[in-house]
Amino acid sequence: MAALISILVWLGCRALRPGQTKHLEPAALEFAIIAALYSVWRLARMLPLATTSGALGRGRDIASFEQALHLPTELSVQRFVLAHDWLASPTSWYYATVHVPALIAFLFWLFFRHRDQYPHWRNGLALLTAGCLFIRFVRVAPPRFFPDLGYQDLTTHYGISVYGNDVQRGISDQFAAMPSIHVGWAAVVSLGIVAASTSPWRWVFLLHVILTTLVVAATGHHWWMDGFVAVALLLAGLAADSAGRRFIARRREPERELAASAEPAPLGADTAG
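Everything in the sequence shown is counted per this note's numbering, starting at 312 for the first residue and increasing by one.
So this is what it looks like as structure tokens:
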């Protein structure tokens, strides 16, 4: 509905005289694109392609792989938070509430303050989310499904859980832990601000992706590798967008040169040659 209404607003703006809706027209179009992409994301979750088969086994494989890499366990972060009760509730709330509003605020800021860089990061976000949507059909259980390893669901423990009892229903599929959309979207916000802004304070926003990575581990909702894969997908998406732009620019260069050569010479210029 949001995408449809935005498209109608955009069409209405185009019907008016140029200049009257110079700010509303592009904003309506971009909001329509974002709303349509989010609709595809939500509808794709309903496809009857996902099963619970193999999810627990893959979760244990990831835990073993991280151990082979000598990474600190997610359990160590969770135990630290549980040992400091004043951290546990804010950690749970951060997981449940921050990632979507932060992304929306970033997109608004980038669109109105750095319009030239907006398409690059919007495309990177879309390619990242598409990659997450594709990989999610390879089922992976998050750490909180392994109480035998010491993990627990921190958000449920503090009454802030966003999931239901059915692992494939509710606000999100609980066996779609790989990759972490939380970490991926947080990386879009943090890296996008660092790349677009010129303020010396821009580096502070790297804390968002760092905190998100720690929070998803502390709450038992993701393995480290879920976040690493999400960031790799984002970097690949941004690289693909840049490569596509360079390719299009090379294809258009001969057209520009031809158009420039076809322009009439300025009045009074020496055209004897």
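Backbone N, C-alpha and C define an ideal beta-carbon position, used for all residues, glycine too.
Please report the residue range of the alpha helix (DSSP H) in which Q389 lies. Under the DSSP assignment, Q389 falls in the alpha helix (DSSP H) whose first and last residues are 385-394.
Where do the ends of the alpha helix (DSSP H) carrying R426 lie? Per DSSP, R426 belongs to no alpha helix (DSSP H) and is neither H nor E.
Local Cβ density within 10 Å of A343, reported as buried at 16 or more and exposed below that: buried
Spatial distance of G548 from N434 (CA atoms): Those two C-alpha atoms are separated by around 7 Å.
Alpha-carbon spacing of Y405 relative to W397, whole angstroms: Going by the C-alpha atoms only, they are around 13 Å apart.
What are the partner residues of A487, as DSSP defines its beta bridges? V451
Rounded separation between D537 and G323 - CA only: Spanning the two alpha carbons is a distance of roughly 43 Å.
Note down the Cα distance separating T523 from S491, rounded to an integer number of angstroms. 10 Å
Distance, A366 Cα to A528 Cα: 18 Å
Among Y462, V494, P401, G461, which has the Cα closest to the Cα of L414? V494
Pair within 8 Å by beta-carbon distance, E336 and W535: Pairing E336 with W535 gives a Cβ-Cβ distance that is not under 8 Å.
Cutoff 7 Å; reference L525; Cβ partners in own chain excluding five residues on either side: Cβ within range, chain order: V388.
Is the separation between the beta-carbon of H533 and that of A497 shorter than 8 Å? Contact: no.
In whole angstroms, what is the alpha-carbon distance linking V499 and A338? V499 and A338 have their C-alpha atoms roughly 20 Å apart.
Determine, using beta carbons only, whether R369 and R447 come nearer to each other than 8 Å. No, they are not a contact pair.
Which whole-angstrom value describes the C-beta separation of Y429 and F419, a residue pair presumed to lie in contact below a C-beta threshold of 8 Å? With 8 Å as the limit, Y429 and F419 do not qualify as a contact, their Cβ atoms being about 10 Å apart.
Once DSSP output is grouped into helix, strand and coil, what is the label at M312? The three-state secondary structure of M312, taken from DSSP, is coil.
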